[in-house]
Every structure is written in structure tokens, then in C-alpha cells.
Amino acid sequence: MIQKILIANRGEIALRIVRACRELGIKTLAVYSEADVQSLHVQLADEAICIGGPKSADSYLRADRIISAAEIADVDAIHPGYGFLSENAKFAEQCESCNIKFIGPKYKSIKMMGDKAVAKDTVKKAGVPIVPGSDGPVENETEAVKVARKIGYPVIIKAVAGGGGRGMRIAHNDISFAKEYHVARNEAEKAFGNGAVYIERYIEKPRHIEFQILADSHGKVLHLGERDCSVQRRHQKLIEESPSPFLTSDLRKKMGKAAIRAAEAAAYENAGTIEFLVDAKGNFYFIEMNTRIQVEHPVTEECTGIDLIKQQILVANGEKLSFDQGDIKFEKHAIECRINAEDPARNFAPSPGTIGLYYAPGGHGVRVDSHAYSGYVIPSHYDSMIGKLICFGTTRKVALERTYRALSEYIIRGIKTTIPLHKAIMSDPVFIEGKATTAYMEDFMSRTPPDLFS
Ligand code: ADP
Numbered sequence: 000m001i002q003k004i005l006i007a008n009r010g011e012i013a014l015r016i017v018r019a020c021r022e023l024g025i026k027t028l029a030v031y032s033e034a035d036v037q038s039l040h041v042q043l044a045d046e047a048i049c050i051g052g053p054k055s056a057d058s059y060l061r062a063d064r065i066i067s068a069a070e071i072a073d074v075d076a077i078h079p080g081y082g083f084l085s086e087n088a089k090f091a092e093q094c095e096s097c098n099i100k101f102i103g104p105k106y107k108s109i110k111m112m113g114d115k116a117v118a119k120d121t122v123k124k125a126g127v128p129i130v131p132g133s134d135g136p137v138e139n140e141t142e143a144v145k146v147a148r149k150i151g152y153p154v155i156i157k158a159v160a161g162g163g164g165r166g167m168r169i170a171h172n173d174i175s176f177a178k179e180y181h182v183a184r185n186e187a188e189k190a191f192g193n194g195a196v197y198i199e200r201y202i203e204k205p206r207h208i209e210f211q212i213l214a215d216s217h218g219k220v221l222h223l224g225e226r227d228c229s230v231q232r233r234h235q236k237l238i239e240e241s242p243s244p245f246l247t248s249d250l251r252k253k254m255g256k257a258a259i260r261a262a263e264a265a266a267y268e269n270a271g272t273i274e275f276l277v278d279a280k281g282n283f284y285f286i287e288m289n290t291r292i293q294v295e296h297p298v299t300e301e302c303t304g305i306d307l308i309k310q311q312i313l314v315a316n317g318e319k320l321s322f323d324q325g326d327i328k329f330e331k332h333a334i335e336c337r338i339n340a341e342d343p344a345r346n347f348a349p350s351p352g353t354i355g356l357y358y359a360p361g362g363h364g365v366r367v368d369s370h371a372y373s374g375y376v377i378p379s380h381y382d383s384m385i386g387k388l389i390c391f392g393t394t395r396k397v398a399l400e401r402t403y404r405a406l407s408e409y410i411i412r413g414i415k416t417t418i419p420l421h422k423a424i425m426s427d428p429v430f431i432e433g434k435a436t437t438a439y440m441e442d443f444m445s446r447t448p449p450d451l452f453s
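Under numbering that gives the first Met the number 0, think of the first position of the sequence shown as 0, with each following residue one higher.
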């Protein structure tokens, strides 16, 4: 059995992993940057090693230092969390070759699904619908325009190595295409060191609905239902919920089966997510697979009662999943709000600094996953998420009312946060009626006076 785990991450997810390990009786080693000395995960882990300077490139992205720390502290496994090295196939391979378990899929699956063009091709062969688009990356502008015309405008230009909503551009005609094609290539080159792009039909006002997969190393692949992540700003998720207010039980069954086929095609092990776009008519299209635990995993945990981080560790330990598809019960409705240190009234400007007073809500059906506390200084070097509020109940109505109530209790002084924005969304009829698509946020912001969420 795994005895000790190195957590190659920071913030709330590092803390989440410490908590799961503690319950399993597994020791933890935190690695941290000089900017994270005060972080709660460093204080709560059994051991901690500083691995470098504040910049991610000097610490959380330094595979060599992380593996050295693992060897010094004699750990059996590394949990990568999300972001940083979590989807880096080379890092997973290095762990394996050093005889350290990587808590995630085999590096071959990461590699396959990390290249979005290969991923689409793989799932297509398994009979999973994909968004019509180019066969792999487009070589040059002339070819790209031809492909765009063939698909039919509007199209979306996406980075092969993309992630985090970056490197995507929309074009409505030949003229805007020529411009956006170059912008997308440059952005992709800068952000991912790989300028290759591919083209897809731009689905107008879709929903983003993803399925949680759990697979063991003995060939069992299950899905744990969906999460509707349509509330996004600049392709980045803000609110996630399960079940989706849009899915019928028929469509849920169809999509769940397709998600399992996609994971099987990648010979997948451990926790992963199959993302789909769903149009107004209920047609669904695979867009990508995330080969790691996701920010929004608590939504699924609260709906099903299954601890995904513990399952990840058990699967990495070679154990069989102890339940079958039919055993998974979806008994709750859960909603997650991402609490970011940003000012929604000022175009979401980052708001790092010192948290004066911090008071998290509680009570029936409320979960807060956060590394913040009174006096915590938010470093400016990392992403702005400082916590997640997850509220759940027997119906969507209860979950909505509970979310509003919990947001009203949440106190974070000294910095600006997205709490007031979430309160405004929870009282917005379009969201309440379950009608939000990925176009929702733009529309909401344009019709809502900023003083409502400042
Ligand atoms: P990333 O890996 O950067 O997160 P994704 O491929 O997962 O990129 O897409 C993120 C979001 O971008 C989707 O949830 C959706 O809102 C939007 N998007 C991506 N592809 C399309 C498309 N073909 N049509 C419309 N919207 C899209």
C-alpha cells in the first residue's frame, strides 16, 4: 500500500489531497515555492520541502526538483493535482521510471489525449461524435481558409496544445479568419511553445457538459454523471453544477455511454473527464478529455457520495473499483461557485493582497474547499482562485437557495472577490430557470449594472 505521497501542487487542491491522505492514514509531503511558505497545505502536511522561487517555472513546474524531493523524502507516489505538471506526459513517465507511482493515468494516455487533434481522432474511431473540423492541425493559411469554408462559418481556431481557455479565436468570414488565424498561432506559440492550430465549427450558444470518468487498472471504466459548466467567462468556468438542468435521462444515458467509450479508446486508468458541447437540439460533440482531477470534482462527490481523491489513490495502488455502474446513485443536486480574488466590477482585475478577516459559511449542505484564512497573503504569481463553495441538497431549488444563503454569509475582507457576482447570478431568472449556455456570462454582464456586484 502507498505509505507516503508527495503533493506536487499548491492552494486548495493541495489541501484537499492532504485531507484525503489523512483519512486513509497516508503520510504527506508538501512541496512549495518561496511565495507559499504561509500556505495552509504546507502547514497541514506531515513534511514540507521548499523547491524554489515564487515563479511556477522555478518551483511547481520543476520536475527535476520535485522528483529529487520525492527521493529525499522517500515517497511512494506523487499526486499532481490540476494544472502545473498534471497533464505532462513526460513528468508521468519520469515518475514511473524512478519507480514512483504517478497518481493519474499512464503517460501514454496523457500523451494521446493531450494532443487535441489525436484525441478527437481517437474518440471518433470509437464512435463518439466530434465537432466537425479539420483533420488534425492545418499547415498554412491557404489550407486553413479552405478548411474554414468547407466547415462553414462561424469557425473556432484552437491551439493543438491549448488549455485553460487560451489560444482560441472565432472567425465569421474569410476576412476575419485571416486575421484571427495569425493571432491564434502567435498566442499558441507564446502560451504553449507550439503554434499548431486546428479548426472546428463554432457551435453557437452550446452548453458545456462533461462526464466524470473513473477507471481502474483491471479494465473497469465507470462514469459518475455529468457536470454542467456552461457559466464561463472567456472560456473559463465560473459555476458548475450537477445534474445538468438541460439533460433528459435518455440523453444522459447516451452521453454517459459515449464518455465511457472515449475513455476506453484511450486505455484510460484513474479519474478523468470527457468534455462535450451540446447544442440546443441535444446534439452532443466531444471537445476534449482532461486526464487529471478537475477543479469542479466536489460537485460530483456531493451528488454521488464518492470521494474522488481517495479513489484516485486506491486505483493508483492497483486496487479494483469496489462498485459497478448500477451502484452509483445520483441523489443530490450540487452547485459550485469559484471564489476568485478578482474585481468583477472592474473587468475582473486581479486583486491579490492580504485577507483581513476570513469567515467561511457552514451549515447543512455547505462545503468550502479553500486554503485561505484571516491574515493570509494571496501571492500574485498564481491563478486567482482562492476557494470553492459547494452547496448541495435534494433538489436544484434547495441547492440554489442554499448557495445564495452561504454566499451571503461568506466574509473575505481586504480584497475584491467574485462573491457578489455569484450572488447576483443566483438571483438571475435566466440562471434560476436553468437556461444558461456558454453565451450566458456575456449577456449577463451586459444587462447587469456593475454596482450590483462591486
Ligand atoms: P480548453 O482546453 O482551453 O479549456 P476546450 O476545448 O475545453 O478548451 O474549450 C473550452 C470552452 O471553449 C468550451 O467550454 C466552450 O465554451 C468553448 N468552445 C470550445 N470549442 C468550441 C466550439 N467548437 N464551438 C463553440 N464553443 C467552443
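Note that CB positions come from ideal geometry on N, CA and C, so glycine has one too.
Span separating the alpha-carbon of residue i from that of residue j
{"i": "Glu92", "j": "Ala7", "result": "15 Å"}
{"i": "Asp73", "j": "Lys3", "result": "8 Å"}
{"i": "Tyr201", "j": "Tyr152", "result": "8 Å"}
{"i": "Ala265", "j": "Phe275", "result": "16 Å"}
{"i": "Arg395", "j": "Ile389", "result": "13 Å"}
{"i": "Gly361", "j": "Glu408", "result": "8 Å"}
{"i": "Met444", "j": "Ala19", "result": "38 Å"}
{"i": "Tyr180", "j": "His171", "result": "12 Å"}
{"i": "Ile50", "j": "Asp63", "result": "10 Å"}
{"i": "Leu58", "j": "Ser379", "result": "One point to set straight first is that residue 58 is Ser, not Leu, in the sequence displayed. Rounded to the nearest angstrom, the two C-alpha atoms are 15 Å apart."}
{"i": "Ala435", "j": "Met0", "result": "45 Å"}
{"i": "His140", "j": "Leu246", "result": "For the record, residue 140 in the displayed sequence is Glu; it is not His. If I take the Cα positions, the gap works out to 39 Å."}
{"i": "Phe452", "j": "Val220", "result": "43 Å"}
{"i": "Asp173", "j": "Glu199", "result": "15 Å"}
{"i": "Leu313", "j": "Asn269", "result": "9 Å"}
{"i": "Gly413", "j": "Asp342", "result": "12 Å"}
{"i": "Phe191", "j": "Thr393", "result": "42 Å"}
{"i": "His296", "j": "Arg21", "result": "19 Å"}
{"i": "Tyr510", "j": "Tyr197", "result": "This structure does not reach residue 510, given that the chain is present from 0 up to 453, and the question cannot be answered."}
{"i": "Ile129", "j": "Val122", "result": "8 Å"}
{"i": "Glu240", "j": "Leu399", "result": "10 Å"}
{"i": "Gly317", "j": "His207", "result": "32 Å"}
{"i": "Ser32", "j": "Gly255", "result": "40 Å"}
{"i": "Asn289", "j": "Asn282", "result": "21 Å"}
{"i": "Thr447", "j": "Arg232", "result": "15 Å"}
{"i": "Ile150", "j": "Ala143", "result": "11 Å"}
{"i": "Ile25", "j": "Gly80", "result": "16 Å"}
{"i": "Met112", "j": "Gly162", "result": "12 Å"}
{"i": "Gly271", "j": "Arg226", "result": "13 Å"}
{"i": "Phe329", "j": "Asn98", "result": "38 Å"}
{"i": "Ile259", "j": "Ser243", "result": "18 Å"}
{"i": "Leu420", "j": "Tyr106", "result": "39 Å"}
Secondary structure of residue i, DSSP reduced to three states
{"i": "Thr447", "result": "coil"}
{"i": "Ile389", "result": "strand"}
{"i": "Arg206", "result": "strand"}
{"i": "Asp173", "result": "helix"}
{"i": "Gln235", "result": "strand"}
{"i": "Phe191", "result": "helix"}
{"i": "Arg9", "result": "coil"}
{"i": "Ile1", "result": "coil"}
{"i": "Ser458", "result": "Within the shown structure, residues of the chain are numbered from 0 to 453, placing residue 458 beyond reach of any answer."}
{"i": "Asp114", "result": "coil"}
{"i": "Ala69", "result": "helix"}
{"i": "Val130", "result": "coil"}
{"i": "Cys97", "result": "coil"}
{"i": "Gly255", "result": "helix"}
{"i": "Phe452", "result": "helix"}
{"i": "His217", "result": "coil"}
{"i": "Lys123", "result": "helix"}
{"i": "Lys157", "result": "strand"}
{"i": "Ile109", "result": "helix"}
{"i": "Ile102", "result": "coil"}
{"i": "Tyr180", "result": "helix"}
Below-7 Å beta-carbon distance, residue i vs any chain D residue
{"i": "Ile12", "result": "Considering every chain present, this structure includes no chain D. It has just one protein chain."}
Near ligand 1, which residues have their beta-carbon less than 5 Å from any of its heavy atoms, given in chain order?
-> The set of residues with any CB-heavy atom separation to ligand 1 below 5 Å comprises, in chain order, Val130, Ile155, Gly161, Gly162, Gly164, Glu199, Tyr201, Ile202, His207, His234, Ile286, Glu287, Thr437.
Any chance you could list the beta strand (DSSP E) runs of at least 3 consecutive residues sitting entirely within the region 296-351, in chain order?
-> Within the region 296-351, the runs of beta strand (DSSP E) at least 3 residues long that lie entirely inside it are, in chain order, 332-339.
Ordered list of beta strand (DSSP E) runs contained in the region 348-434, each at least 3 residues | 365-369, 384-392
Whole runs of the alpha helix (DSSP H) within the region 21-59, excluding any shorter than 4 residues = For the region 21-59, whole alpha helix (DSSP H) runs of length 4 or above, ordered along the chain, are 39-43.
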